[in-house]
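Here the structure is laid out as structure tokens; the discussion comes afterwards.
Residue numbers (the UniProt record's numbering), protein chains in the order written: chain A, 1 to 382; chain B, 1 to 382.
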């Protein structure tokens with residue numbers, strides 16, 4: 001074999017012919033637009049929707065999702081990192097871009113050059129941004145993040161008190177936005193939510209000219225008091241359920257199908273997959289599907305998740321492999337799926353929120369871990 | 001804010017200045033070469049090493065890893081999907097490329113055009129590949145995969161018996177390689193391993209002119225009988241431990257560092273992160289780090305994993321967020337890390353195998369889920 005002569009390969013097309021694709025991710029940009037509208041109605045005309053497009057728009061594709069949100073009227077966008085901010089600036093030259101994860105002082109000059117604003121999470125961040133304003137000879141817009149109980153990012157209570165006492169700390173800056181972030185708004189009643197709201201309100205009233213922003217997706221549905229001037233929906237825009245205690249008010253955005261490579265019959269007593277964790281107690285019919293943890297189908301789904309054939313759940317048996325997963329078809333009566341057929345991973349019968357439960361996680365992690373090997377099909381917003 | 005005039009942005013450099021990077025993934029290509037050498041010595045000069053580069057070389061980067069393996073002498077490569085095969089053909093015009101996940105019949109003509117071989121997993125696959133040979137007017141090289149107990153892909157026992165009885169089934173094909181795959185070789189003694197070896201040997205002797213391949217990374221270390229002509233190490237090449245019962249004979253390939261965005265002091269009774277799952281029973285000092293489940297730092301690490309500051313473990317407290325994780329620094333005596341400092345996620349104090357335990361998974365999933373937001377630094381093989 002190693003002596004076989006290999007010719008220089010023929011020119012290679014950009015990708016395989018799509019009929020040979022093994023995983024197909026369909027993203028409905030129309031549903032993203034519709035979700036924007038649902039949320040707009042929920043908050044009313046006085047409140048704007050920011051576009052939260054960090055983590056490649058929760059795995060959906062920032063280059064596709066951000067223009068849809070801009071098209072529906074969003075002007076303020078949030079990303080997590082300096083690099084994401086530059087990527088977004090290329091996509092949306094006219095958007096207002098805020099970076100939750102700072103990157104000061106190193107990113108300051110690039111932020112100024114590209115009209116990007118770091119979210120200022122401390123008095124130190126504020127001082128660094130004032131340095132930038134001084135260097136650039138401009139009054140820079142400033143976004144101040146108050147920590148009201150998340151204890152992750154933002155000004156502490158004592159820093160907030162110092163800032164209120166000494167307005168000189170923001171001299172040279174134009175405080176355009178004051179914000180905080182809910183920790184527990186996904187629970188219908190959590191005492192921390194109201195307490196965060198109260199702390200935020202007390203602080204925010206010291207910045208009468210600034211816009212105020214508190215609510216994430218869930219916060220939007222908890223109380224209209226939480227809306228202020230700007231809400232920051234992420235997961236709800238991408239179709240996850242912001243009100244887990246009841247049915248999902250959002251439109252589903254993502255569908256994922258994976259292809260059967262092979263079916264096989266097993267005898268009673270045979271095992272399947274790595275470590276032979278699953279042993280069949282009666283004869284079985286299984287399908288091996290081109291989907292694995294390298295595609296973001298979490299290994300924790302092993303023995304727990306279901307894929308769907310024409311609406312019928314087919315349980316995952318044995319461990320999830322890197323590129324493959326096996327499902328049990330033994331209960332299917334007629335219309336058995338064949339190699340080449342597609343099984344539903346996400347779609348009308350299984351939402352990302354539902355699949356997440358199999359892996360003991362949340363829909364956010366399902367979306368953000370969607371793999372790179374799928375063919376991505378974007379359905380345009382109408 | 002929404003009326004603020006935004007200028008058309010200045011031209012945007014390709015990426016943020018590297019000092020503002022928040023996550024840094026360092027990949028040691030020299031360690032990949034060294035691992036190839038370790039495995040070559042283990043199998044001896046009569047046995048070749050295939051390059052297993054599916055799933056973007058286990059998350060490492062196929063475009064970087066595959067040429068290193070080719071440079072150390074590997075000529076036969078395995079990928080999972082038709083799309084990966086075309087990608088690899090662009091990277092290595094002279095490699096022999098096999099596709100584990102088929103894609104027949106749709107991919108057949110592209111395979112033939114680019115001298116790529118599908119691994120034939122059934123008599124049906126064999127028939128489809130013979131069709132391809134007939135269409136192209138060539139005798140095509142064929143790789144036959146026998147299922148010896150994994151029950152995932154490959155010819156079943158009855159199909160194997162039919163093939164042996166009727167050599168006409170491979171007429172028009174040149175069977176160059178016969179292979180199977182271990183299910184439990186990561187366990188030092190598992191009865192299935194020896195039974196798979198025996199089934200494979202019985203089958204393989206019917207193809208005296210074909211090369212034989214059975215062992216994956218762990219199989220290489222279990223018994224020299226398992227080596228045959230070609231071994232297919234994946235995880236060991238990328239630095240994971242193929243012998244979990246003892247110390248790792250491989251060189252570490254991956255290092256990952258994440259940056260502290262902010263530190264904060266918490267009072268007794270305060271909570272941290274989403275759902276306020278962690279409540280401090282005494283005053284604490286924490287660091288918020290730019291690393292989240294969107295970066296492949298699994299949400300299951302919440303409350304369990306550790307990051308390292310100068311070799312000292314700092315436990316993750318509370319939930320892992322999409323872009324952030326919080327660690328407890330309260331136990332650090334002196335030389336406290338500051339915002340901008342790097343914490344070790346993977347490196348000398350924590351291997352991918354070790355981090356995997358925190359999330360109740362395996363090192364493979366840690367590697368294949370490494371996120372897209374890291375700056376990737378490749379150290380060249382010397």
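Think of the CB as a built atom: it goes at the ideal place given N, C-alpha and C, for glycine as much as any other residue.
### Message
For residue 179 of chain A and residue 364 of chain B, what's the separation of their Cα atoms in angstroms?
### Response
The residue you call residue 179 of chain A lines up with position 179 of the first chain. The residue you call residue 364 of chain B lines up with position 364 of the second chain. Roughly 39 Å separates the two Cα atoms.
### Query
From this set, A/130, A/293, A/334, which residue's C-alpha is nearest residue 366 of chain A's C-alpha?
Residue mapping note: residue 366 of chain A aligns to position 366 of the first chain, counting from 1. Of the listed residues, the one whose Cα sits closest to residue 366 of chain A is A/293.
### Task
Report yes or no: is there a C-beta of chain B within less than 9 Å of the C-beta of residue 6 of chain A?
In the first chain, counting from the first residue as 1, residue 6 of chain A sits at position 6. With a pLDDT of 48 at residue 6 of chain A, under the threshold of 50, the modelled position of that residue is not reliable, and the figure given next carries that caveat. Yes, contact with chain B.
### Contacts around residue 1 of chain B, its chain only, beta-carbon distance under 8 Å, and the 5 residues preceding and following it disregarded
Position 1 of the second chain, counted from the start, is the residue given in the question as residue 1 of chain B. Only weak support exists for where residue 1 of chain B lies, its pLDDT of 37 falling under 50; the value from the coordinates is given anyway. Cβ neighbours of residue 1 of chain B beyond the five flanking positions: none.
#### Entry: Min CB distance residue 184 of chain B to chain A below 9 Å
As a position in the second chain, residue 184 of chain B is number 184, starting the count at 1. Residue 184 of chain B counts as touching chain A.
### Message
Please classify residue 18 of chain A as buried or exposed, where buried requires at least 16 other C-beta atoms within 10 Å of its C-beta.
### Response
The residue you call residue 18 of chain A lines up with position 18 of the first chain. Answer is exposed; the Cβ neighbour count stays below 16.
### Query
How would you label residue 281 of chain B, buried or exposed, when you count the other beta carbons within 10 angstroms and need 16 or more for buried?
Taking the second chain and counting its residues from 1, the one referred to as residue 281 of chain B is at position 281. Classification of residue 281 of chain B: exposed, given that the 10 Å Cβ count is below 16.
### Query
Candidates B/34, B/16, B/320, B/177: which alpha carbon is nearest residue 72 of chain B's?
Along the second chain, read from residue 1 onward, the residue named residue 72 of chain B stands at position 72. Selected option, being the one with the closest Cα: B/34.
### Message
Between which residues of its own chain and residue 299 of chain B is the CB-CB distance below 6 Å, once the five residues before and five after are set aside?
### Response
The sequence position of residue 299 of chain B within the second chain is 299, counting from 1. For residue 299 of chain B, where only same-chain residues beyond five positions count, the Cβ hits under 6 Å are 293, 320.
### Interface flag, residue 2 of chain B vs chain A, CB-CB below 9 Å
As a working mapping, residue 2 of chain B is identified with position 2 in the second chain. Since pLDDT at residue 2 of chain B reaches only 38, below the 50 mark, its modelled position is unreliable, and the value read off the structure follows with that caveat. Chain A, which has a Cβ nearer than 9 Å to the Cβ of residue 2 of chain B, makes this yes.
### Message
In this structure, how does DSSP classify residue 115 of chain B when only helix, strand and coil are distinguished?
### Response
In the second chain, residue 115 of chain B corresponds to position 115, counting from 1. The answer is coil: DSSP assigns residue 115 of chain B none of H, G, I, E or B.
### Query
Can you give the beta carbon distance from residue 50 of chain A to residue 15 of chain A, rounded, assuming they're within the 8 Å contact cut?
Reading the first chain from its first residue, position 50 is the one you call residue 50 of chain A. Reading the first chain from its first residue, position 15 is the one you call residue 15 of chain A. With a Cβ gap of about 35 Å, residue 50 of chain A and residue 15 of chain A do not count as contacting.
### Message
Taking 9 Å as the threshold (beta carbon to beta carbon), is residue 254 of chain B in contact with chain A?
### Response
As a first step, residue 254 of chain B is located in the second chain; it is residue number 254 there, counting from the start. No, no contact with chain A.
### Task
Scan the segment 125-148 of chain A for residues whose Cβ lies nearer than 8 Å to a Cβ of chain B and list them as they occur along the chain.
141, 147
### Task
Kindly list the residues whose CB is nearer than 6 Å to the CB of residue 288 of chain B, restricted to its own chain and excluding five residues on each side of it in sequence; keep chain order.
Looking up residue 288 of chain B in the second chain gives position 288. Hits under 6 Å: 261, 262, 324, 326.
#### Entry: CB contact check: residue 58 of chain B to chain A, cutoff 9 Å
For the purposes of this step, residue 58 of chain B is taken as residue 58 along the second chain, with counting starting at 1. Yes - at least one Cβ of chain A is within 9 Å of the one on residue 58 of chain B.
### Task
Answer yes or no: does any C-beta atom of chain B fall closer than 9 Å to that of residue 373 of chain A?
Residue numbering aside, residue 373 of chain A sits at position 373 when the first chain is read from its first letter. Output row for residue 373 of chain A: interface = yes.
### Query
Apart from the five residues just before and just after residue 114 of chain A, which ones in its own chain have a Cβ nearer than 7 Å to its Cβ?
Taking the first residue of the first chain as 1, we reach residue 114 of chain A at position 114. Excluding sequence neighbours, residue 114 of chain A sits near 86, 89.
### Query
How would you call residue 186 of chain A, buried or exposed, if buried means at least 16 neighbouring beta carbons within 10 angstroms?
Stepping through the first chain from its first residue, residue 186 of chain A is reached at position 186. When all chains shown are included, residue 186 of chain A counts as buried.
#### Entry: Supposed close pair residue 91 of chain B, residue 376 of chain B - CB separation, criterion 8 Å
On the second chain, residue 91 of chain B is found 91 positions in, with the first residue counted as 1. On the second chain, residue 376 of chain B is found 376 positions in, with the first residue counted as 1. Their Cβ separation, rounded to whole angstroms, is 16 Å, which puts residue 91 of chain B and residue 376 of chain B out of contact at 8 Å.
### Task
Please list, in chain order, all residues of the same chain as residue 117 of chain A whose beta carbon is under 6 Å from its beta carbon, the five residues on each side excluded.
The residue labelled residue 117 of chain A in the question sits at position 117 within the first chain. Hits under 6 Å: 98, 141, 143.
### Task
Note down, in chain order, every chain B residue with its Cβ under 9 Å from the Cβ of residue 361 of chain A.
The residue you call residue 361 of chain A lines up with position 361 of the first chain. Under the 9 Å cutoff, chain B gives 293, 298, 299, 300.
### Under 9 Å (Cβ pairs) to chain A, residues found in the segment 38-56 of chain B
48, 54, 55, 56
### Task
Whole angstroms is fine: what's the gap from residue 272 of chain B's alpha carbon to residue 102 of chain B's?
In the second chain, counting from the first residue as 1, residue 272 of chain B sits at position 272. In the second chain, counting from the first residue as 1, residue 102 of chain B sits at position 102. Taking the straight line from one Cα to the other gives about 48 Å.
#### Entry: For residue 97 of chain B: DSSP bridge partner residues
Within the second chain, numbered from 1, the residue matching residue 97 of chain B stands at position 97. According to DSSP, which records beta bridges pairwise, residue 97 of chain B is partnered with B/77, B/116.
### Query
Beta carbon of residue 214 of chain A, beta carbon of residue 200 of chain A: below 9 Å?
Looking up residue 214 of chain A in the first chain gives position 214. Looking up residue 200 of chain A in the first chain gives position 200. Yes, Cβ-Cβ distance for residue 214 of chain A and residue 200 of chain A is below 9 Å.
### Query
So, is residue 60 of chain A buried or exposed, given that buried needs 16 or more other C-beta atoms within 10 angstroms?
Residue mapping note: residue 60 of chain A aligns to position 60 of the first chain, counting from 1. When all chains shown are included, residue 60 of chain A counts as buried.
### Task
Return the first residue and the last residue of the alpha helix (DSSP H) that residue 356 of chain B is part of.
Taking the first residue of the second chain as 1, we reach residue 356 of chain B at position 356. Start and end: 352-358.
### Query
Around the C-beta of residue 202 of chain A, are 16 or more other C-beta atoms found within 10 angstroms, so that it is buried, or is it exposed?
Walking along the first chain from the start, residue 202 of chain A turns up at place 202. By the 10 Å Cβ count, residue 202 of chain A comes out exposed.
### Task
Quick one: using the 10 Å Cβ neighbour count with 16 as the cut-off for buried, is residue 372 of chain A buried or exposed?
Along the first chain, read from residue 1 onward, the residue named residue 372 of chain A stands at position 372. Residue 372 of chain A comes out exposed.
### Message
Restricting to runs no shorter than 4 residues, where is the alpha helix (DSSP H) found entirely within the UniProt domain "Alanine racemase C-terminal" (253-379) of chain A?
### Response
352-358, 363-368
### Task
Taking C-beta pairs closer than 7 Å, name the residues in chain A that residue 313 of chain B reaches, listed in chain order.
Taking the first residue of the second chain as 1, we reach residue 313 of chain B at position 313. The contacting residues do not exist; residue 313 of chain B stays about 21 Å from chain A at best.
### Query
For residue 213 of chain B, which of helix, strand or coil comes out of DSSP?
Walking along the second chain from the start, residue 213 of chain B turns up at place 213. Note: residue 213 of chain B maps to strand in three-state DSSP.
### Query
Can you name, in chain order, every residue of its own chain whose Cβ lies under 7 Å from the Cβ of residue 175 of chain B, other than the five neighbours on each side?
Taking the first residue of the second chain as position 1, residue 175 of chain B is located at position 175. Once the five neighbours on either side are set aside, the close Cβ partners of residue 175 of chain B are 142, 144, 207, 210.
### Task
For the segment 70-84 of chain B, enumerate the residues whose C-beta is nearer than 8 Å to any C-beta of chain A, in chain order.
75, 76, 80, 81, 82, 83, 84
### Query
Does the Cβ of residue 226 of chain B have 16 or more other Cβ atoms within 10 Å, making it buried, or fewer, making it exposed?
Residue 226 of chain B sits at position 226 when you count from the first residue of the second chain. Residue 226 of chain B should be labelled buried.
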